[in-house]
Amino acid sequence: MQNNSDFFNRPLVLTPGFTLPSRAILSPMEGIMNRENFFNAARTLRLIDSWMPPFIGIPAGAVPRDVTLKKRFSFFLDSGIPFTVQLLGHDPDSLAETAGALYRIGVRSVNLNCACPSKTVLASTSGGMLLKQPEIIIETLQKIRRNVPDICVSLKLRSGFRDPDELKELLAAVREGGIHWVIHHYRTVSEEYRDLPRQEAVRRLQIVGEELKTIPFFANGDIVSPGDAELYRAETLCSGIAVGRGILNDPFLLRRLRTGETVDPGLKQEFLHLLTSGIPGKRGEHFYLECVKMAYGADSPEFCAALTEQKNRRVGKSRE
Ligand SMILES: Cc1cc2nc3c(=O)[nH]c(=O)nc-3n(C[C@H](O)[C@H](O)[C@H](O)COP(=O)(O)O)c2cc1C
Numbered sequence: 020m021q022n023n024s025d026f027f028n029r030p031l032v033l034t035p036g037f038t039l040p041s042r043a044i045l046s047p048m049e050g051i052m053n054r055e056n057f058f059n060a061a062r063t064l065r066l067i068d069s070w071m072p073p074f075i076g077i078p079a080g081a082v083p084r085d086v087t088l089k090k091r092f093s094f095f096l097d098s099g100i101p102f103t104v105q106l107l108g109h110d111p112d113s114l115a116e117t118a119g120a121l122y123r124i125g126v127r128s129v130n131l132n133c134a135c136p137s138k139t140v141l142a143s144t145s146g147g148m149l150l151k152q153p154e155i156i157i158e159t160l161q162k163i164r165r166n167v168p169d170i171c172v173s174l175k176l177r178s179g180f181r182d183p184d185e186l187k188e189l190l191a192a193v194r195e196g197g198i199h200w201v202i203h204h205y206r207t208v209s210e211e212y213r214d215l216p217r218q219e220a221v222r223r224l225q226i227v228g229e230e231l232k233t234i235p236f237f238a239n240g241d242i243v244s245p246g247d248a249e250l251y252r253a254e255t256l257c258s259g260i261a262v263g264r265g266i267l268n269d270p271f272l273l274r275r276l277r278t279g280e281t282v283d284p285g286l287k288q289e290f291l292h293l294l295t296s297g298i299p300g301k302r303g304e305h306f307y308l309e310c311v312k313m314a315y316g317a318d319s320p321e322f323c324a325a326l327t328e329q330k331n332r333r334v335g336k337s338r339e
């Protein structure tokens with residue numbers, strides 16, 4: 020399938036104060052993208068042109084102070100790249116107040132996580148659990164819009180909690196809440212990361228496009244090649260695509276989608292080194308191994324070589 024860089028490279032104006040420069044974006048991944056290293060590596064190699072780091076948890080009544088938010092996010096804000104903060108929580112007032120605090124420190128876009136299937140997150144009645152209570156999603160959206168009229172508001176969704184038949188009702192509720200855009204992962208929360216036929220993914224994403232009508236959505240789930248992205252573009256009404264795990268296997272995927280260029284595969288090693296450089300000691304070593312495993316696979320020669328290299332280094336150190 021032909022890569023349509025004209026489509027993916029087009030900016031998307033979402034509010035007067037927030038525009039995505041392109042339609043090929045990263046989907047946040049807790050534990051991988053939290054580090055400034057990831058952002059630096061991705062910026063240096065022009066892998067991304069907008070940024071949404073993993074969620075920040077907002078328990079009821081625990082709105083972070085402006086100074087805390089500033090400390091956490093000024094690095095990204097100062098970079099000038101369009102930047103979205105993802106919120107995880109279930110208390111509409113606390114979430115709306117946090118959006119207000121974020122706006123005060125310069126953030127122009129927030130996203131509410133209604134998708135996370137992790138057991139801990141579900142137990143806190145946040146993330147994917149919100150799909151069982153669309154009224155909380157609506158109340159949160161309305162309170163954010165009222166509290167911070169100029170902020171761009173989006174949702175990260177899945178296709179229902181248990182059954183994709185929940186999708187239509189859910190999207191009607193979401194439209195009522197008033198949002199500027201959506202990132203939609205095609206599985207339900209209960210399906211976690213289970214394999215599903217590609218036609219089923221496309222079918223669900225088609226429903227999303229039909230139900231959201233003029234609200235732009237980014238299709239997400241199992242995009243590991245330009246062909247996968249192109250399939251979603253051609254077969255659904257998506258305004259763009261969001262890639263998560265695929266970025267580790269092919270760090271240059273988004274860049275290739277945007278520009279249509281071919282990228283030297285050797286740059287993958289450079290990406291992994293940039294990603295993990297500066298993290299000291301065993302933490303750094305462990306993170307590097309995790310990244311190589313995700314990038315090349317646990318059975319790959321690259322992962323075996325990285326393991327051997329690390330073992331040799333440890334032996335060398337113990338002899339010194
Ligand atoms: C380790 C890991 C951490 C994740 N953390 C987040 C997160 O913080 N926020 C979020 O919206 N999604 C999170 N996700 C979901 C991804 O953004 C994405 O929706 C999901 O992996 C499916 O897309 P993919 O098939 O392209 O990976 C995470 C996924 C993984 C594997």
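Using our numbering, you'd call the opening residue of the sequence shown number 20 and step up by one each time. In this text, a Cβ means the ideal position worked out from N, Cα and C, and glycines have one as well. In this text the structure is predicted, and so the values were computed from the model without any measurement.
Does DSSP put F180 in a helix, in a strand, or in coil?
Three-state result, F180: coil.
Output the distance between the C-alpha atoms of I100 and S137, rounded to the nearest integer angstrom.
Approximately 29 angstroms, taken between the alpha carbons.
Taking 8 angstroms as the line, does the beta carbon of N132 fall inside it for any heavy atom of ligand 1?
The answer is yes for N132.
Is L106 closer than 9 angstroms to I77 when the C-beta atoms are compared?
If you check the CB distance, I77 and L106 come in under 9 angstroms.
Three-pair Cβ contact test at 8 angstroms for the region 66–83 versus the region 318–333:
Counting Cβ pairs under 8 angstroms, fewer than three are found: no touch.
Taking all protein chains shown into account, decide if P153 is buried (16 or more other Cβ within 10 angstroms of its Cβ) or exposed.
It counts as buried.
When every heavy atom of ligand 1 is checked, does at least one fall within less than 8 angstroms of the C-beta of Y251?
Not under cutoff, so the answer is no.
Identify, in the order they occur along the chain, each residue of the same chain with its Cβ nearer than 8 angstroms to the Cβ of E230, setting aside the five sequence neighbours on each side.
Cβ neighbours of E230 within its own chain (closer than 8 angstroms, five residues either side excluded): L186, K187, L190, A191 and R194.
Buried or exposed, going by whether 16 or more other CB atoms sit within 10 Å of the CB of A142?
Its Cβ having fewer than 16 others within 10 Å, A142 is exposed.
Quick check on this structure: which residue in L273, R332, N331 and E289 has the alpha carbon closest to the alpha carbon of V311?
That would be E289, whose Cα lies nearest to the Cα of V311.
Who are the Cβ neighbours of Q21 in its own chain at under 8 angstroms, not counting the five residues just before and after it?
With a pLDDT of 49 at Q21, under the threshold of 50, the predicted position of this residue should be treated as unreliable, though the coordinate-derived value follows. E249, listed in sequence order.
N285 burial status per 10 Å Cβ neighbour count (16 or more: buried):
Correcting the residue type first, residue 285 is Gly in the shown sequence and not Asn. By the 10 Å Cβ count, G285 comes out exposed.
Spatial neighbours of E304 within its chain, please: C-beta separation below 7 angstroms, excluding the five flanking residues on both sides.
Taking E304 as the centre and dropping the five residues before and after it, the same chain places the C-beta of Q329 closer than 7 angstroms to its C-beta, in chain order.
Closest by CA to L358, which one among D184, N130, D182 and A134?
Limits of the chain in this structure are 20 at one end and 339 at the other, which puts residue 358 out of reach.
Of all the options L294, G246 and V208, which has the alpha carbon lying nearest to the alpha carbon of L267?
Checked all of L294, G246 and V208; the closest Cα to L267 is L294.
Using the three-state DSSP reduction, which class does E321 fall into: helix, strand or coil?
E321 falls in the helix class under three-state DSSP.
Do R264 and M48 have their C-beta atoms within less than 9 angstroms of each other?
Closer than 9 angstroms, so yes.
Entirely enclosed alpha helix (DSSP H) segments - the region 190–260, minimum 4 residues:
If we require 4 residues or more, the alpha helix (DSSP H) runs fully inside the region 190–260 come out as 217–231 and 245–254.
Anyone know if the C-beta pair for S69 and P40 falls short of 9 angstroms?
Contact: yes.
Using C-beta distances below 8 angstroms, list every residue in its chain close to F180, excluding the 5 sequence neighbours before and after it, in chain order.
Only G147, M148, L150, K151, T207, V208 and S209 meet the Cβ criterion.
If you follow the beta strand (DSSP E) that V167 is part of, which residue opens it and which one closes it?
That residue, V167, is in no beta strand (DSSP E); it is neither H nor E in DSSP.
Taking C-alpha atoms, which residue in L121, F74, T117 and A79 lies nearest to S93?
Measuring from the Cα of S93, the nearest candidate turns out to be L121.
Would you tell me roughly how many angstroms separate the C-alpha atoms of S46 and V262, rounded to the nearest one?
Computed Cα separation, rounded: 5 angstroms.
Heavy atom of ligand 1 within 8 angstroms of K312 beta-carbon:
For ligand 1, not one heavy atom lies less than 8 angstroms from the Cβ of K312.
Classify T327: buried if its beta carbon has 16 or more other beta carbons within 10 angstroms, exposed otherwise.
Under this definition T327 is an exposed residue.
Check whether the Cβ of C257 sits closer than 8 angstroms to any heavy atom of ligand 1, and report yes or no.
Because no heavy atom of ligand 1 lies under 8 angstroms away, the Cβ of C257 does not count as near it: no.
Under three-state DSSP, which class holds V98?
The question names Val, but residue 98 in the sequence shown is Ser. In the three-state DSSP reduction, S98 falls in the helix class (H, G or I).
Going by Cα to Cα distance, which pick from R29, T103, A134 and I163 is closest to A118?
Shortest Cα-Cα distance from A118 to any of R29, T103, A134 and I163 involves I163.
For C133, three-class secondary structure by DSSP:
The answer is strand: DSSP assigns C133 an E or B state.
Measuring only the C-alpha atoms, how far is I234 from L273?
Going by the C-alpha atoms only, they are around 23 angstroms apart.
9 angstroms Cβ cutoff met for K287 and F306
For K287 and F306, no; Cβs fall outside 9 angstroms.
Please work out which residues of its chain come closer than 6 angstroms, Cβ to Cβ, to A115, disregarding the five sequence neighbours upstream and downstream, and give them in chain order.
Cβ neighbours of A115 beyond the five flanking positions: K162, I163 and N166.
Neighbourhood of L64 by C-beta distance below 8 angstroms, restricted to the same chain and skipping five residues each side
Scanning its chain for C-beta atoms nearer than 8 angstroms, with the 5 sequence neighbours on each side dropped, one finds around L64 the residues P270, F271, R274, L286, E289, F290 and L293, in chain order.
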